[in-house]
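To keep things clear, I will list the structure first and then write my remarks on it.
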Amino acid sequence: AAAAALAQRGFRVHVLERKSIPGGRASSYEAQDTGEPVDNCQHILMGCCTNLRRFYAHAGVEDRIRWVSCIRFLDRRGRVWALRGSRLPAPFHLMPSFMRLGFLAAADRWRIAAGLMAMLRAPAPKEDLPFAEWLRAHHQTAQGVARFWRPIVVSALNEEPERCSTRYAFQVFRQGFLGHPRAYEMGVPRVPLRELYGPCVDAVRRAGGCVAFRCAARALRVEKGAVTGVELDDGRLEADYVISAVPFEEARRLLPEPVAADPSVRAWDRLEVSPISAVHLWWDREVTALDHVALVDRPIHWAFNKTRDFGRDGPGTYLGLVVSASRDWLPLSRREILEIAEAEVRAALPGTAGAQVVKAAVIKEARATFSPVPGVDALRPPCETPIRNLFLAGDWVRSGWPATMEGAVRSGYRAAERVLAAEGRAEAIRVPDLPWQAIVGAPGAVDAGAGVF
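Written out as structure tokens, the structure reads:
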């Protein structure tokens, strides 16, 4: 995002990518047996992801996103329920379909609705406590937490309610579901991720930038308080400005010792991480007509019908399964995970009767995201660093967003803005959030205390 923005404004940009493919943790690898691209995990966006949508539009790939305005849930009795918008104004646009979600008891639905209204009326939490404590204080039932609050929080923040910040949970519900009638809509890639981000690389190159793969930065050369270049395996690349978009555990290693020893930089070591696991199952026949489904009361959180998403021909079905905050899965073997996944899919989808899994893949991202625990914003750095021409980007940088593609793009645009400002060409690149349309609550409370949006 930073490179594209600066290249489009006439800068000579060099992107150094350690891997052989673009996308980082949102990428695809090539299956050894078939050569088919396999995403490391299912990635989606929401209607409230305004900067990511702008990034896709500038790269010419916005038509590779399928927008879903009806989110489906499958309960353990095999019933499918739908959450969709209505003609009511925000925040009530989802209320008619929400009140018909039969996997929630009527009393639970009313308690949840009361909790959402309390969330809208209140400012951002003054004390950043675990979200589970807020839920208990607002009398949410065990079933309401298990079947509504927890699945949404875990999917959006990759963390459990007992561990995640109430401030970020507020943001998910206020900004993602309540503030605008289209914010909840889900964007699903219609192509493998390498076909989504490959054209983004092309956009940088068309603007005159250079993108080098299998090219790792080994150290930053700093002289008289400024970065003068990047040390590579086979030489050095000089630069007037450097934007570091590497993970936080790698960013500190690149810095010279006096800077790396700064307390604000050492604080990065205290950032915690949370894993995501993905299971890919290829079936020998069509096993479901659903294009996606959230699985209620199951260890598999989501199933995506990638055969339908990718428009593939043939009799089989390719399902992508997602388990967020998957700490319990990390010690399991591939075989154990596949046994659990296949058993759960067979129990959830009657169409799997008689069908066989012909191919499977398991991907465990142990360090998928930083964990949005209470107080995490004190550890996340701003874009600026103690080195005047070195800026930071990445989903872990303080952007006001949790670890998402939207947060990553916002941080990249912010870094580009800082470079432009240093050149005396100040310009706003980031675009604003969706306009607040809820008739309850104040828009200023959405991002209060959550950093710079």
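Residue numbering for the sequence shown follows the working numbering, starting at 6 and increasing by one per position. Beta carbons are placed, not taken as given, at the ideal position from N, Cα and C, and that holds for glycine.
Contact annotation, W287 with A365: C-beta distance approximately 7 Å; criterion of less than 8 Å satisfied. Assigned with DSSP and collapsed to three states, T146 falls in coil, not helix or strand. Taking the C-beta atoms as reference points, L354 is found nearer than 8 Å to V292.
Our two residues, E347 and V298, have alpha carbons roughly 16 Å apart in a direct line.
DSSP places D44 within a strand segment (E or B) once states are collapsed to three. For the set V363, T390 and A443, the Cα lying nearest the Cα of D38 is the one of V363. For the pair L106 and S249, the CB atoms are not nearer than the 8 Å cut-off.
The DSSP-derived three-state label of T39 is coil. Judged by beta-carbon spacing, A151 lies beyond the 8 Å limit of L162, meaning their Cβ atoms are not closer than that value. The Cβ neighbour count for G120, taken over all protein chains shown within 10 Å, is at least 16; the residue is labelled buried. By the 16-neighbour rule on beta-carbons within 10 angstroms, Q47 is buried. By the C-beta density criterion, V436 is exposed, having fewer than 16 other C-beta atoms within 10 angstroms. With fewer than 16 other CB atoms across the displayed protein chains lying within 10 angstroms of its CB, C75 is exposed. The DSSP assignment places complete beta strand (DSSP E) segments of no fewer than 3 residues inside the stretch 341-383 at 362-375, in order along the chain. Residue state for L183 is assigned as helix, using DSSP reduced to three classes.
With 16 or more other Cβ atoms inside 10 Å of its own Cβ, D438 counts as buried. Here I76 is bridged, per DSSP, to L88. K131 counts as exposed, since fewer than 16 other C-beta atoms from the protein chains shown sit within 10 angstroms of its C-beta. Taking R339 as the centre and dropping the five residues before and after it, the same chain places the C-beta of V367 closer than 6 Å to its C-beta, in chain order.
CA-to-CA, the gap between Y246 and R393 works out to about 9 Å. Membership of S160 in the alpha helix (DSSP H) is indicated by the continuous run R155 to L162. Pairing R89 with S102 gives a Cβ-Cβ distance under 8 Å.
Each residue's CA atom was taken as its position, placing R168 and R241 some 43 Å apart. Sixteen is the threshold: when 16 or more other Cβ atoms of the shown chains lie within 10 Å of the Cβ of W86, as they do, the residue is buried.
Assigned with DSSP and collapsed to three states, V227 falls in strand. Residue nearest to G359 within the set L324, R290 and R141 is R290 (criterion: CA-CA distance). Between A137 and G417, the C-beta gap is not smaller than 8 Å, which leaves the two residues out of contact.
Annotation: G319 to R84 spans about 27 Å, alpha carbon to alpha carbon. Taken through DSSP and simplified to helix, strand or coil, A208 comes out as helix. Across the structure, S33 and K311 are spaced so that their CA atoms are roughly 14 Å apart. With a cut-off of 8 Å on Cβ pairs, the stretch 190-206 is not in contact with the stretch 417-429, counting fewer than three such pairs.
Residues T146, Q148 and G149 of the same chain have their beta carbon placed closer than 7 Å to that of D113, with the five preceding and five following residues left out of the count. Your pair T409 and D400 checks out as a contact, with CB atoms roughly 6 Å apart and the cut at 8 Å. By the neighbour-count criterion, in which 16 or more other beta carbons inside 10 Å mark a residue as buried, Q361 falls on the exposed side.
Judged by their CB atoms, L384 and A420 are not nearer to each other than the 8 Å cut-off.
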